[in-house]
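From first to last, the protein sequence lines are chains A and B. So for the first sequence, the working numbering puts the first residue at 7; every next one is plus one. So for the second sequence, the working numbering puts the first residue at 7; every next one is plus one. Think of the CB as a built atom: it goes at the ideal place given N, C-alpha and C, for glycine as much as any other residue.
Protein chains: 2
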Amino acid sequence: MRGLHIFADFYHCPKGKYMVSAKALRQLCIRASEGAGLTVLGDHFYQFNGFDATQAGGATGALVLAESHLAVHTWPERDGATLDIYVCNVTGDNSDKAEALYAELVRVIRPGDIMVERVWRGKDVPVADEAPTIALP
Amino acid sequence: MRGLHIFADFYHCPKGKYMVSAKALRQLCIRASEGAGLTVLGDHFYQFNGFDATQAGGATGALVLAESHLAVHTWPERDGATLDIYVCNVTGDNSDKAEALYAELVRVIRPGDIMVERVWRGKDVPVADEAPTIALP
Chain A
7 MRGLHIFADF YHCPKGKYMV SAKALRQLCI RASEGAGLTV LGDHFYQFNG
57 FDATQAGGAT GALVLAESHL AVHTWPERDG ATLDIYVCNV TGDNSDKAEA
107 LYAELVRVIR PGDIMVERVW RGKDVPVADE APTIALP
Chain B
7 MRGLHIFADF YHCPKGKYMV SAKALRQLCI RASEGAGLTV LGDHFYQFNG
57 FDATQAGGAT GALVLAESHL AVHTWPERDG ATLDIYVCNV TGDNSDKAEA
107 LYAELVRVIR PGDIMVERVW RGKDVPVADE APTIALP
């Protein structure tokens, strides 16, 4: 369960396909994750409708990774996006892969302003010897 | 973009279907999200194989919500799980719904120990008047 969670809020992003197209955002996320050496197990992305004829809708989605997940949401009306990358370390330290994925998304989306925090999740709690058991149906 | 992000690490969870069945975990997440008044747009869940014949594999997945996302990963070999709930406030303050979802997942999964943090995301950056434009292909 131990692993790095990068959560970032992007501001003043250039307008463009990654802010308004779920298809383009999905392709970027998959390409960037695989490029960083992470394993994509599946995903779901959704295209929001625009508020009116002059304003495109945002894009939102999540990739389920073998190492945990990537979630991205865009707000084109605010030139903003939020980003979550969480990688657990079951198969080794995946922090470098998370940072590579983050760097690639910053490089492509090109936010003018970023608020980012890194949290190290999963303290070292010993495995319980006798966890209660719930019967499977 | 402003909204509450609850991230929690669950320890000493009782063994049972929510720790080892992606199908059961998915159903729980959808039911609990809808019960909290959140709107599920789609999801992807994945069932990990066990390490050997005596140890079931974990479950992992994400729900894409109209309000942002829910992501859950389980580690049955450690009786642990991680949980992320992020709700933006475009349509109003969804914090109570996020807390209701969190409370329901705690009630059902019944972790013996929890490390939880709440982060208020999205500072009030004004909309840029002239964000650079990238041409759509």
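- Item | Cβ-based neighbour list, P82 of chain B, same chain, cut-off 8 Å, excluding 5 preceding and 5 following | K21, M25, V26, Q61, A62, G63 and G64
Counting beta carbon pairs with one atom in the segment 71 to 80 of chain A and one in the segment 69 to 86 of chain B, are three or more of them shorter than 8 Å? yes
* **chain B residues whose Cβ lies nearer than 7 Å to that of R124 of chain A** => At a beta-carbon threshold of 7 Å, none of the residues of chain B lie near R124 of chain A; the nearest stands roughly 12 Å away.
Mark V122 of chain B as exposed unless 16 or more other C-beta atoms lie within 10 angstroms of its C-beta, in which case mark it buried. Exposed: under 16 other Cβ atoms inside 10 Å.
Next on the checklist: Taking 7 Å as the limit between beta carbons, can you name the residues of its chain near L10 of chain B, skipping five residues before and five after?
Outcome noted: V93, S101, A104, R124 and W126.
Exercise. Sort B:I115, B:D119, B:A42 and B:G48 by Cα distance to L31 of chain B and report the nearest one.
Key: B:I115
Can the beta-carbon of G86 of chain B be found closer than 8 Å to that of C19 of chain B? yes
task: Assign C19 of chain A to one of three DSSP states: helix, strand, or coil.
output: coil
Should M7 of chain A and T66 of chain B be called a contact, given that it needs their Cβ atoms to be closer than 8 Å? No, the Cβ-Cβ distance between M7 of chain A and T66 of chain B is not below 8 Å.
- Query: Just how far apart, CA to CA, sit V112 of chain B and L44 of chain B?
  - Reply: 17 Å
Exercise. Roughly how many angstroms separate the alpha carbons of D119 of chain B and G41 of chain B, rounded to a whole number?
Worked result: 24 Å
Please classify D49 of chain A as buried or exposed, where buried requires at least 16 neighbouring CB atoms within 10 angstroms.
buried
Sub-8 Å separation of F13 of chain A and P117 of chain A beta-carbons
Using a Cβ distance threshold of 8 Å, F13 of chain A and P117 of chain A do not count as a contacting pair.
Next item on the list: Taking all protein chains shown into account, decide if R84 of chain B is buried (16 or more other Cβ within 10 angstroms of its Cβ) or exposed.
Entry: buried
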